[in-house]
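**Q**
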Amino acid sequence: MFNVKDKHVLITGAASGIGLGLAEHFATQGATVSTVDISEKNPNPSLGLNHFKADVSNSEELHSAFESAVKRNGVLDVVINNAGIAIEEGAIENADISILEKVLNINVKGVYLGIQNAAKYLTDGGSIINTGSLAASVTFPEYCTYSISKSSVIQMTKNAALQLGNRKIRVNSVSPGTVLTPMEAESGDEARISKTCTALERPADISDLIGIYHFLASDASRYITGIDVKVDGGWSAGVTNKA
Ligand code: NAD
Numbered sequence: 000m001f002n003v004k005d006k007h008v009l010i011t012g013a014a015s016g017i018g019l020g021l022a023e024h025f026a027t028q029g030a031t032v033s034t035v036d037i038s039e040k041n042p043n044p045s046l047g048l049n050h051f052k053a054d055v056s057n058s059e060e061l062h063s064a065f066e067s068a069v070k071r072n073g074v075l076d077v078v079i080n081n082a083g084i085a086i087e088e089g090a091i092e093n094a095d096i097s098i099l100e101k102v103l104n105i106n107v108k109g110v111y112l113g114i115q116n117a118a119k120y121l122t123d124g125g126s127i128i129n130t131g132s133l134a135a136s137v138t139f140p141e142y143c144t145y146s147i148s149k150s151s152v153i154q155m156t157k158n159a160a161l162q163l164g165n166r167k168i169r170v171n172s173v174s175p176g177t178v179l180t181p182m183e184a185e186s187g188d189e190a191r192i193s194k195t196c197t198a199l200e201r202p203a204d205i206s207d208l209i210g211i212y213h214f215l216a217s218d219a220s221r222y223i224t225g226i227d228v229k230v231d232g233g234w235s236a237g238v239t240n241k242a
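Okay, so the sequence shown: first residue is 0 according to numbering that gives the first Met the number 0, each after it adds one.
The structure is reproduced here in C-alpha cells:
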C-alpha cells in the first residue's frame, strides 16, 4: 500500500529545494514525474523528469502545463502544489504593499489554481498535497504576508477536501518548520534559531520531509483527508527554554 510505482505525480516549484527533492524521490521510486516551475530548465533530465515551464499564478500557463503533462504521461494520480515564496516585509506600518500582492498571488492564487487543475486532471481516488508552513500557526511578525498566505493554503486544503471527497480525491497539506533549502539559506541563522525553538534542536533537511509526502501520495493514507501535518521538529509543541 506504500507503493507509488506507476503513479503519475505532478509537482510545482520543482526546480529547487523541497520540490526538487520530492521529484527526485518519486522518480527513483518508479513514479512518472512531471515538474512545473517558473524556471525553464529541466532540473534533472537524467532521472527522466518531464519538465514544463509555468508561473503558477498565471492561469493560462498553469493550465497548459497540466494539459501537456497529461497529454504526454496520462492521467494524474498525485498533484503536489509546492511552489511558494517568502519575502520579509518588516513592520506593517512601512511595508511595501506590492510584497503582499506578490506573495498572495503565488502562494494563494497559485495553490488555488493548482487545486482547480488537479480537480480537472486527477483520476478519482487521487491525492492532492499542498505545501503549507509552520508560519500559518506560529507567528513570525516580520513575515505577516507569508503567514496570511500559508493560513489560506491550510483553509483551501480543508475546503477542497470536502468538495472532492465524493470522487475519493484526498486533499492534505504539509507544514514544514525550517528546512535547509535555498529559500531559507537567504535569511541565514536557521541552525541557531532551530536549535533553540525545536524539540529536536535542528532545522530539517529536505530528506526529513520526504516520508510524509510519500505517505500522503500513497494508498497507505487512503482514509486521511483535510488535514495539515506539521513537520517542524516539535517547534509548534511550545517553547523549549533552551536559549
Ligand atoms: P525554493 O526557493 O528552494 O524553491 C521554490 C521553487 O518554486 C523554485 O524552484 C522556484 O523557481 C519556484 N517558484 C517560485 N515562484 C514560482 C511561480 N510563480 N511559479 C512556479 N514556480 C515558482 O523554496 P523551498 O524552500 O523549497 O520552498 C518550497 C515550498 O515550501 C514553498 O511553498 C515554501 O513556502 C514552503 N516552505 C519552505 C520552508 C523552508 O524552510 N524552506 C518552510 C516552510 C514552508
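Every residue, glycine too, gets a C-beta built ideally from N, C-alpha and C.
1) Taking buried to mean at least 16 other C-beta atoms within 10 Å of its own C-beta, is Asp123 buried or exposed?
2) So, using beta-carbon positions, are Gly131 and Val78 closer together than 8 Å?
3) Exposed or buried, what is Gln28 when buried is set at 16 or more other beta-carbons lying within 10 Å of its beta-carbon?
4) For the ligand NAD, is there any heavy atom lying closer than 7 Å to the beta carbon of Asn81?
5) Would you decide whether Ala198 is buried or exposed? Buried here means 16 or more other CB atoms lie within 10 Å of its CB.
6) Do the segment 228-237 and the segment 165-182 make contact, defined as three or more Cβ pairs closer than 8 Å?
7) Does any heavy atom of the ligand NAD sit closer than 7 Å to the C-beta of Ile96?
8) To the nearest angstrom, how far is it from the Cα of Val230 to the Cα of Lys149?
9) Throw me the rounded Cβ distance for the Asn81 and Gly12 pair, which I believe falls under 8 Å.
**A** Concretely, from the data shown:
1) Here Asp123 is exposed, its C-beta having fewer than 16 other C-beta atoms within 10 Å.
2) Not in contact: Gly131 and Val78 (Cβ atoms no closer than 8 Å).
3) Result: buried.
4) The closest heavy atom of the ligand NAD lies less than 7 Å from the beta carbon of Asn81.
5) Under this definition Ala198 is an exposed residue.
6) The segment 228-237 is in contact with the segment 165-182.
7) Answer for Ile96: no, Cβ out of range of the ligand NAD.
8) Distance between the alpha carbons of Val230 and Lys149: 14 Å.
9) With a contact defined as Cβ atoms closer than 8 Å, Asn81 and Gly12 qualify at about 4 Å.
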